[in-house]
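Engineer: In the order they appear, the protein sequences are chains A and B. When we follow numbering that gives the first Met the number 0, the leftmost residue of the first sequence carries the number 0, and every step to the right adds one. When we follow numbering that gives the first Met the number 0, the leftmost residue of the second sequence carries the number 0, and every step to the right adds one. Once you've had a glance at the structure underneath, I'll fire off some questions.
2 protein chains.
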Amino acid sequence: MKRTSYLDVKAVILGQIRGGALRPGDTVPGEATLAGKFGCARVTVNRALRELAEAGVVERRRRSGTRVLAATPRDAELEVPSVRAEIEATGATYRYELLGRRIAAPPADIRAALGLGAGVRALHLRCRHWASDTAHQAEDRWISLDVVPAAREADFAAIGPNDWLIRAMPLSRVEHIFSAANADEAEAALLGITPGDAVFVTERRTWIDGRAITRARLLHPGATHRLVARTRAPI
Amino acid sequence: MKRTSYLDVKAVILGQIRGGALRPGDTVPGEATLAGKFGCARVTVNRALRELAEAGVVERRRRSGTRVLAATPRDAELEVPSVRAEIEATGATYRYELLGRRIAAPPADIRAALGLGAGVRALHLRCRHWASDTAHQAEDRWISLDVVPAAREADFAAIGPNDWLIRAMPLSRVEHIFSAANADEAEAALLGITPGDAVFVTERRTWIDGRAITRARLLHPGATHRLVARTRAPI
DNA sequence: ATGGGTAATATGTATGTACATAACCCGTCA
DNA sequence: TGACGGGTTATGTACATACATATTACCCAT
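See below:
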């Protein structure tokens with residue numbers, strides 16, 4: 000006699016939701032009831048429902064029970080590949096170029112983004128990433144030397160700031176903001192496109208333990224760049 | 000005597016990774032060992048490590064054990080708000096407009112995207128979404144009538160196709176592809192911008208049970224549109 | 001009626017035990 | 001040499017039980 004897995008329970012409940020037997024707003028039977036129906040332990044049902052809740056399919060509240068949520072595919076998973084991986088995945092050769100390095104007082108918007116006081120200096124890097132011999136990304140980055148003093152000594156001609164930071168700072172929180180813009184003269188020159196051409200803009204901020212590490216503005220030629228996100232599978 | 004929670008275990012392991020005691024590539028002690036150290040049951044450690052694996056912090060393999068992954072913030076969570084929610088969040092008034100509706104044989108790229116055979120007809124909708132009196136999104140959508148025959152009868156003048164589909168088809172899989180482009184004449188007219196202005200493009204495909212339901216191309220004026228993604232917090 | 005205290009209830013989690021399963025090790029046999 | 005097959009080991013999961021906790025319902029006193 001095969002024992003019922005939490006996956007079985009999950010699949011049945013999901014099937015009932017997909018099939019219309021359980022509609023958004025409906026209350027799913029209690030754990031004890033389901034355990035009886037499936038002939039399994041309550042903990043097994045608990046895990047099934049807990050995972051459905053994590054996937055955003057149902058909502059659970061103590062004492063009230065479990066309810067089916069509206070089918071809003073509101074959360075998608077976004078793969079954020081490193082530039083290098085993204086380029087090498089296409090078969091092109093990755094090359095990195097440091098265009099500028101200075102320590103200076105950042106402008107107000109950067110100060111705000113990094114939570115720096117007035118007059119505090121930070122590391123400013125400008126780089127370019129090549130896919131074979133076409134420019135793939137122009138990078139304009141500020142790094143807070145308060146949080147990452149080691150960045151002052153790092154050799155950013157040899158290694159890209161993103162790769163360096165990943166190695167230096169484990170497990171941080173990241174925010175990405177994506178938008179579209181028209182390239183200005185300087186940006187077009189960097190990317191080898193015509194001024195006015197559409198560029199795909201990524202603004203990325205990174206924190207560790209609540210302290211902002213870095214803020215990068217990444218430009219990609221709009222004609223080629225694609226960003227893909229998918230909903231997490233509920234099962 | 001408080002019993003040790005799986006959250007305690009999770010927090011300690013995470014702390015060791017953040018603090019550098021456990022570095023990427025290192026092997027985390029086995030469940031049994033940790034259970035001994037923490038004075039708790041192995042199942043408790045199991046849940047802690049399982050959730051760290053789901054968060055992408057560690058990698059687990061039978062027989063080999065648990066290893067710390069490189070701190071690649073490769074997965075971010077993307078909130079995909081409905082157009083209406085997105086607009087109303089800014090305080091603007093949402094208005095929806097149906098510009099065109101026809102049933103026709105879709106072009107080859109749409110046929111491929113929806114997995115339709117040659118000659119199969121589908122529903123083609125063109126719509127516009129307003130934030131107060133500025134155009135916020137132009138929508139060009141194809142819906143497979145094979146998969147959603149009810150769409151033939153739906154009144155898309157009264158309700159937007161996305162809202163209608165969410166109500167009609169629960170729990171589907173969604174793919175988003177984002178890019179930047181220059182608006183052509185027609186697109187600029189729809190969005191009330193100048194031809195050549197950057198637009199933020201979302202291409203969205205939706206499936207149910209592996210069958211493609213719909214494919215939409217959504218255009219937003221690049222000057223204003225922002226898309227935000229954040230990494231999931233590991234704890 | 002009303003506010004507050006209390007019991008009832010569904011979910012949340014810890015434990016000890018048992019068995020399942022994947023993957024690697026290593027010895028055997030062709 | 002190499003294919004095959006058991007033994008070993010760490011993770012994966014099921015179960016019965018017990019207790020924890022949030023939240024609602026209800027009752028009682030004012």
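Glycine is no exception: its CB is placed at the ideal position from the N, C-alpha and C atoms.
Check the DSSP bridge columns for S178(B) and list the partner residues they point to.
Structural biologist: Within the second sequence, numbered from 1, the residue matching residue 178(B) stands at position 179. S178(B) is bridged to V200(B).
Engineer: Out of A112(A), I142(A), S131(A) and G114(A), which has the shortest C-alpha to C-alpha gap to A121(A)?
Structural biologist: Along the first sequence, one-based indexing puts residue 121(A) at 122. Comparing Cα positions, the closest option is I142(A).
Engineer: Report back the beta-carbon spacing between R51(B) and V44(B) to the nearest angstrom; my notes put them in contact at under 8 angstroms.
Structural biologist: Here residue 51(B) refers to the residue found at position 52 when the second sequence is read from its first residue. Here residue 44(B) refers to the residue found at position 45 when the second sequence is read from its first residue. First, the amino acid is wrong: residue 51(B) is Leu here, not Arg. Their Cβ separation, rounded to whole angstroms, is 11 angstroms, which puts L51(B) and V44(B) out of contact at 8 angstroms.
Engineer: So within the segment 58 to 98 of chain B, which uninterrupted beta strand (DSSP E) runs reach at least 3 residues, ignoring any that extend past its ends?
Structural biologist: The segment 58 to 98 of chain B contains these whole beta strand (DSSP E) runs: 64 to 67 and 74 to 78.
Engineer: Between I165(A) and chain B, is the shortest Cβ-Cβ distance under 9 angstroms, so that the two count as touching?
Structural biologist: For the purposes of this step, residue 165(A) is identified with residue 166 of the first sequence, where counting begins at 1. I165(A) counts as touching chain B.
Engineer: Can you tell me where the beta strand (DSSP E) holding R210(A) begins and where it ends?
Structural biologist: On the first sequence, position 211 is the one that residue 210(A) refers to. R210(A) -> beta strand (DSSP E) spans R210 to P220.
Engineer: Could you check what DSSP says for I192(B) in three-state terms: helix, strand or coil?
Structural biologist: As a position in the second sequence, residue 192(B) is number 193, starting the count at 1. In this structure, I192(B) counts as coil in the three-state DSSP scheme.
Engineer: Around the Cβ of E184(A), are there at least 16 other Cβ atoms within 10 angstroms (buried) or fewer (exposed)?
Structural biologist: If you number the first sequence from 1, residue 184(A) lands on position 185. Classification of E184(A): exposed, given that the 10 Å Cβ count is below 16.
Engineer: Hey, could you find the ends of the alpha helix (DSSP H) E53(A) is sitting in?
Structural biologist: As a position in the first sequence, residue 53(A) is number 54, starting the count at 1. Element bounds for E53(A): R41 to E53.
Engineer: Against chain A, which members of the segment 164 to 193 of chain B pass a CB distance test of less than 9 angstroms?
Structural biologist: Against chain A - using a Cβ distance shorter than 9 angstroms - the residues of the segment 164 to 193 of chain B are I165, R166, M168, P169, L170, S171, R172, V173, E174, H175, I176, F177, S178, A179, A180, N181 and A182.
Engineer: So that I know if they touch, is there some Cβ in chain A lying closer than 9 angstroms to that of D139(B)?
Structural biologist: Start at 1 with the first residue of the second sequence, and residue 139(B) comes out as number 140. Not closer than 9 angstroms to any Cβ of chain A, the Cβ of D139(B) fails to qualify, so no.
Engineer: Name the residues in the segment 40 to 64 of chain A whose C-beta lies less than 9 angstroms from a C-beta of chain B; which are they?
Structural biologist: Listed in sequence order: E53 and V56.
Engineer: If you measure beta-carbon to beta-carbon, which residues of the segment 145 to 166 of chain A are closer than 7 angstroms to chain B?
Structural biologist: Those would be I165, in chain order.
Engineer: Below 8 angstroms on the Cβ atoms is my contact criterion, and I expect E237(B) with A215(B) to pass it. Report the Cβ-Cβ distance as a whole number of Å.
Structural biologist: No answer is possible for residue 237(B): the residues shown for chain B start at 0 and end at 234.
Engineer: Name the residues in the segment 64 to 98 of chain A whose C-beta lies less than 8 angstroms from a C-beta of chain B; which are they?
Structural biologist: Cβ contacts with chain B come from A69, A70, T71, P72, R73, D74, A75, E76, L77, E78, V79, P80 and S81.
Engineer: Check whether the segment 32 to 44 of chain A touches the segment 209 to 226 of chain A, taking contact to mean three or more Cβ pairs, one atom from each stretch, closer than 8 angstroms.
Structural biologist: Flag = no, the segment 32 to 44 of chain A and the segment 209 to 226 of chain A do not touch.
Engineer: For the segment 102 to 118 of chain A against the segment 161 to 179 of chain A, do three or more pairs of beta-carbon atoms, one drawn from each stretch, fall closer than 8 angstroms, so that the two count as touching?
Structural biologist: Contact fails: fewer than three Cβ-Cβ distances are below 8 angstroms.
Engineer: Determine whether the Cβ of H224(A) lies closer than 9 angstroms to any Cβ atom of chain B.
Structural biologist: By 1-based counting over the first sequence, the position of residue 224(A) is 225. Yes, H224(A) lies at the interface with chain B (some Cβ there is under 9 angstroms from its Cβ).
Engineer: With DSSP run on the structure shown, which of helix, strand or coil describes R125(A)?
Structural biologist: Indexing the first sequence from 1 puts residue 125(A) at position 126. Note: R125(A) maps to strand in three-state DSSP.
Engineer: Counting only beta-carbon separations shorter than 9 angstroms, does H219(A) have a partner in chain B?
Structural biologist: Counted from its first residue, the first sequence places residue 219(A) at position 220. Taking Cβ atoms only, chain B reaches closer than 9 angstroms to H219(A), which makes this a yes.
Engineer: Hey, could you find the ends of the beta strand (DSSP E) A137(A) is sitting in?
Structural biologist: For this step, residue 137(A) is matched to residue 138 along the first sequence. A137(A) -> beta strand (DSSP E) spans T133 to I142.
Engineer: Can you check which of these residues, I158(A), L217(A), R166(A) and D154(A), is closest to F177(A) by C-alpha distance?
Structural biologist: By one-based count along the first sequence, residue 177(A) stands at place 178. Selected option, being the one with the closest Cα: L217(A).
Engineer: Note the first and the last residue of the continuous beta strand (DSSP E) segment covering A228(A).
Structural biologist: Here residue 228(A) refers to the residue found at position 229 when the first sequence is read from its first residue. Taken as a continuous stretch (DSSP letters only), the beta strand (DSSP E) holding A228(A) covers L226 to T230.
Engineer: When the cut-off is 9 angstroms and only beta carbons count, does I109(A) lie next to chain B?
Structural biologist: Within the first sequence, the letter at position 110 stands for residue 109(A). Closer than 9 angstroms: no.
Engineer: Is it buried or exposed for T65(B), if we count other Cβ within 10 angstroms and need 16 for buried?
Structural biologist: In the second sequence, counting from the first residue as 1, residue 65(B) sits at position 66. It counts as buried.
Engineer: If I follow the unbroken alpha helix (DSSP H) through R110(B), where does it start and stop?
Structural biologist: The residue you call residue 110(B) lines up with position 111 of the second sequence. First-last of the alpha helix (DSSP H) with R110(B): A107 to L113.
Engineer: Just the chain A side, please: which residues come within less than 7 angstroms of T230(B) by C-beta, in chain order?
Structural biologist: Indexing the second sequence from 1 puts residue 230(B) at position 231. Neighbours of T230(B) on chain A, chain order: R172 and V173.
Engineer: Going by other Cβ atoms of all chains shown within 10 Å of its Cβ, with 16 needed for buried, is T193(A) buried or exposed?
Structural biologist: Stepping through the first sequence from its first residue, residue 193(A) is reached at position 194. Exposed is the call here.
Engineer: Quick check: what's the CA-CA separation for A232(A) versus V67(A)?
Structural biologist: Along the first sequence, one-based indexing puts residue 232(A) at 233. Along the first sequence, one-based indexing puts residue 67(A) at 68. For A232(A) and V67(A), the distance between alpha carbons rounds to 16 angstroms.
Engineer: For R120(B), report the span of its alpha helix (DSSP H) as first-last.
Structural biologist: The residue given as residue 120(B) occupies position 121 in the second sequence. No alpha helix (DSSP H) holds R120(B); DSSP gives it neither H nor E.
Engineer: Sort R2(B), T3(B), G14(B) and V8(B) by Cα distance to D208(A) and report the nearest one.
Structural biologist: Your numbering for residue 208(A) matches position 209 in the first sequence. Closest option to D208(A), Cα to Cα, is G14(B).
Engineer: What do you get for K9(A), buried or exposed, if any count of 16 or more other CB atoms within 10 angstroms of its CB means buried?
Structural biologist: Taking the first residue of the first sequence as position 1, residue 9(A) is located at position 10. Label assigned to K9(A): buried.
Engineer: Looking at the C-beta of G29(A), does it have a partner C-beta in chain B at a distance below 9 angstroms?
Structural biologist: To locate residue 29(A), count along the first sequence from 1; it is residue 30. No, G29(A) does not count as interfacial toward chain B.
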